[in-house]
Every structure is written in C-alpha cells, then in structure tokens.
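Q: Quick note: the sequence shown uses the working numbering, first residue 3, plus one each step. Beta carbons: idealized from backbone N, C-alpha and C, even for Gly.
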Amino acid sequence: MIKACTLVMMLLVFSAAQAGLHYEWADEFSARERGMLTDWVQRTADGLEALGGRLPFDIRVRFQRASSGLEPVPWANTVRSPGQGVRFVVNPTFPLDEFLQDWTAPHELSHLLIPYLGRRHAWFAEGFASYMQYQVMYHMGVMDWPQVVDRYRRQMSKAEGNYHLDGTSFPAAASQLRAAGQYPTLYWGGAVLFLRADSRLRQRGDQTLGTVIAEYLTCCRMRTSKLSELISALDEISNTTVFSEELTLFDAQPGFPEFEDALEGLAEAEPVPQPQADQ
Ligand SMILES: [Zn+2]
3 MIKACTLVMM LLVFSAAQAG LHYEWADEFS ARERGMLTDW VQRTADGLEA
53 LGGRLPFDIR VRFQRASSGL EPVPWANTVR SPGQGVRFVV NPTFPLDEFL
103 QDWTAPHELS HLLIPYLGRR HAWFAEGFAS YMQYQVMYHM GVMDWPQVVD
153 RYRRQMSKAE GNYHLDGTSF PAAASQLRAA GQYPTLYWGG AVLFLRADSR
203 LRQRGDQTLG TVIAEYLTCC RMRTSKLSEL ISALDEISNT TVFSEELTLF
253 DAQPGFPEFE DALEGLAEAE PVPQPQADQ
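#1: Measuring alpha carbon to alpha carbon, tell me which of Tyr165, Ser171, Ser32 ends up nearest Ala254.
#2: Quick one: measure Cβ to Cβ for Ser132 and Gly192, integer angstroms, because I've assumed they're closer than 8 Å.
#3: Smallest Cα separation from Leu197: which of Arg89, Leu268, Thr106?
#4: What whole-angstrom Cβ distance do Arg206 and Thr242 have, given they're in contact under 8 Å?
#5: Of the residues Gly54, Asn93, Gly49, which one's Cα is nearest the Cα of Arg223?
#6: May I have the straight-line CA-CA distance separating Trp147 from Asp60, to the nearest angstrom?
#7: Note down the Cα distance separating Tyr88 from Glu217, rounded to an integer number of angstroms.
#8: For Asp237, which residues in the same chain have their Cβ closer than 8 Å to its Cβ, ignoring the five residues on either side in sequence?
#9: Apart from the five residues on each side of it in sequence, which residues of its chain come closer than 8 Å, Cβ to Cβ, to Phe96?
#10: List the residues that DSSP assigns as beta-bridge partners of Trp77.
#11: Output the distance between the C-alpha atoms of Phe261 and Ser32, rounded to the nearest integer angstrom.
#12: Just to check, is the beta-carbon of Ala131 closer than 6 Å to a non-hydrogen atom of ligand 1?
#13: Is the closest heavy atom of ligand 1 to the C-beta of Glu128 under 6 Å?
#14: If you reduce the DSSP assignment to three classes, tell me which class His109 lands in.
#15: Is Lys160 near ligand 2, going by C-beta to nearest heavy atom under 6 Å?
#16: Using the beta-carbon count (16 or more within 10 Å), is Gln103 buried or exposed?
#17: Give me the Cα-Cα distance between Val138 and Gly129, rounded to the nearest whole angstrom.
#18: Would you mind working out which of Pro256, Gln178, Thr220 sits nearest Leu115, comparing C-alpha positions?
#19: If distances are taken between C-alpha atoms only, which option among His109, Ser69, Val151, Asp29 comes closest to Pro43?
#20: List the whole-angstrom C-beta distance separating Arg180 from Ala124, where the pair is believed to meet the contact cut-off of C-beta under 8 Å.
#21: Which residues does DSSP pair with Ile61 in a beta bridge?
#22: What are the partner residues of Gln66, as DSSP defines its beta bridges?
#23: Which residues in the same chain as Leu14 place their Cβ atom closer than 7 Å to its Cβ, once the five residues preceding and following it in sequence are excluded?
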C-alpha cells in the first residue's frame, strides 16, 4: 500500500514536472535536432520559472526551420490563441551553446508572464519582455549579474541616443517610434519602467520584480486582461504604489526616461544565488 502510494506520488510529481511544454514540429527535424531544441526551450522555461514562478497554463512551442540565416533564431513570436505559446523559426545547424546565448527564447517566454495588452500598449509589453529576458538568462546561468547590468546599460544608452523626441513623453512617442521602425528604442525605453520598478522594490526590502510576478501568476494572471488591472494587481501584491507611480511618471515626463540611478541600484542589489549552468 505504501509502495502504491509512493508510486502514485512519483507519477504525479513526474507529470507535474513534465507538463507545461508541448512541442509541435512544422518542418522536418532530425532526432538530434529535436533533442537540442527541446533542451534549449526547457532550460529557458526553467530559467523563467526560477525567476517568475510557474505559468498557470501549458505552453505550446512550435518549431519551423529557417530557410536561411546567420543566427540560430532569425524569427520568433508569441501566439495567444488557441492556447498560449511561442513560434520559433530556427537554424538547428547552430550548436546548443549559441542557442543558449541568444535572447530570443527568454524574451518570448517572458511575454507570456503577462496578458496581451493590445497594440496601444506594445511599448509596455515589449519593455517588460526586454527587461525580463536578461533576468531569465541570469537564472539560466548563462549570464552573471555584472553582465546583466552591463547589457541593460548598453541597450538603454543606445536607445536614449536614438531618441529624438525630447519634448514628448515616452508612451506618447511610442507609436511614432513604431511607425519609424525604431524597435530597439521602443523596447529599451519601455524596459526602463521595469528597471526602475525592480530597483525600487529591491531597495525597499526583500521583493524583486520577479517575486512580485511569481505571486501575480498565482493569484491574478488568468483574471487580468487590461493594463490598468495589471498595474493594480502588481501594486497590491507588492503592497506599494511603485508600478502606478512609475507609469504616471512615464506619462508625465518628456524625453527618454531616466535610468542611471535605477541601474546603479540594480548593480548594488544582492542577487539571489545563481543556479549552476548545467542544472
Ligand atoms: Zn517582444
């Protein structure tokens, strides 16, 4: 009886650990390629879970073979219906290590942590995924903390240098940036909001953006669909007004949002223990 119970428990644990990722192969991939690609996505999903907790739904992962390309993942996008997931267009001739160094999967999976918020708030959603991608890579063990901070600094400084709408607030400028195809500026300006929120949370105590998101996934992910609901939930979970304040500041302040102080705060923040790269 004890053995039977143990077996049932083991099966339950095994199913829970294996549930979550469902793979679809739109093109022909060899067994070796499939093994490498699923290993890559699994490691990314593990990094995401270590950062922000477990998504309250299964993730559909669809692979297509790239017709050409000089990088492992020339294209990817999130899919929200039917079911939530990511479509990856890949070059499986690249080695696993190069896939792990690529930010695309951490970025796309991070999108799934929050609902689709509509085209008007694309700057917010892209900023969120861009900020989270390096946090995920830290938890995957492929970047250390100084590298994470350095990468933010480079991306945000570059975006600031390319932002020429000094009299316009960043959210108000977003549609122009998008129309002009200035995607990195759009993404990394938006990411400043999450850097500032994360930095403030870390300085206040033992919270981080990741811990707040983990709680959000548990309580509220499936019942929020608007930006205002998301912001209210994050404020409530963190027991602060950090998120609503930062959003208000973003709307009110003209020019590219300030990020240096928040970046310094992040650099000094004690990161959680980093898992081993081979876990
Ligand atoms: Zn994105």
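A: With the structure as the only source:
#1: The shortest C-alpha separation from Ala254 is found at Ser171.
#2: Rounded, the Cβ-Cβ distance is 7 Å, consistent with contact.
#3: Checking every option, the nearest Cα to that of Leu197 belongs to Leu268.
#4: Yes, Arg206 and Thr242 are in contact; Cβ-Cβ is about 7 Å, under 8 Å.
#5: Nearest option by C-alpha distance: Gly54.
#6: Cα to Cα, Trp147 sits roughly 30 Å from Asp60.
#7: Position check: residue 88 holds Val in this sequence, whereas Tyr was assumed. So the two alpha carbons sit approximately 23 Å from each other.
#8: So the list reads Thr243, Val244, Phe245, Ser246, once near-sequence residues are dropped.
#9: Excluding residues within five positions, the ones whose Cβ falls inside 8 Å are Glu73, Pro74.
#10: Answer is Val91.
#11: For the pair Phe261 and Ser32, the Cα-to-Cα distance works out to about 45 Å.
#12: Ala131: yes, Cβ under 6 Å from ligand 1.
#13: Yes, ligand 1 has a heavy atom inside 6 Å of this Cβ.
#14: Residue state, collapsed to three classes: helix.
#15: Among the ligands present in this structure, namely ligand 1, ligand 2 is not found.
#16: Looking at its Cβ environment, which holds fewer than 16 other Cβ atoms inside 10 Å, Gln103 is exposed.
#17: Val138 and Gly129 have their alpha carbons spaced roughly 14 Å apart.
#18: Nearest option by C-alpha distance: Thr220.
#19: Inspection of the sequence shows that residue 43 is occupied by Val rather than by Pro. The shortest Cα separation from Val43 among His109, Ser69, Val151, Asp29 belongs to His109.
#20: For a cut-off of 8 Å, the C-beta gap from Arg180 to Ala124 is around 7 Å, short enough to register as a contact.
#21: Its beta-bridge partners are Leu23, Gln86.
#22: According to DSSP, residue pairing for Gln66 in a beta bridge involves Val91.
#23: Residue placement at Leu14 cannot be trusted, given a pLDDT of 40 that sits under 50; the coordinates are not used to answer.
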